[in-house]
Amino acid sequence: MKNIFIQNHDEIATTSLAIIGALTLYLDFINLFIQFLQIFGFSDNRR
Numbered sequence: 004m005k006n007i008f009i010q011n012h013d014e015i016a017t018t019s020l021a022i023i024g025a026l027t028l029y030l031d032f033i034n035l036f037i038q039f040l041q042i043f044g045f046s047d048n049r050r
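Right, here's the structure in full:
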């Protein structure tokens with residue numbers, strides 16, 4: 004996030020940067036949740 008801000012501090016508004024950060028955090032939590040499901044065996048692909 005810091006690199007994005009440094010590279011585009013004039014082009015990207017603070018609101019846009021906050022939205023990008025929130026979306027990144029949201030996707031990180033989704034990926035973490037999916038990883039937990041795979042670790043504990045709750046996935047649908049039981050071959």
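When you number the sequence shown by the numbering used here, it's gap-free, plus one each residue, and the end is 50. All C-beta atoms, glycine included, are put in the ideal place defined by N, C-alpha and C.
For residue i and residue j, I'd like the C-alpha separation in whole angstroms.
i, j, result
"PHE45", "LEU28", "23 Å"
"LEU40", "ILE23", "26 Å"
"THR18", "ASN34", "24 Å"
"ASP31", "ALA25", "10 Å"
"ILE42", "PHE36", "10 Å"
"ASN6", "ALA21", "14 Å"
Just curious, the alpha helix (DSSP H) that residue i is in, first and last residue?
i, result
"GLY24", "17-42"
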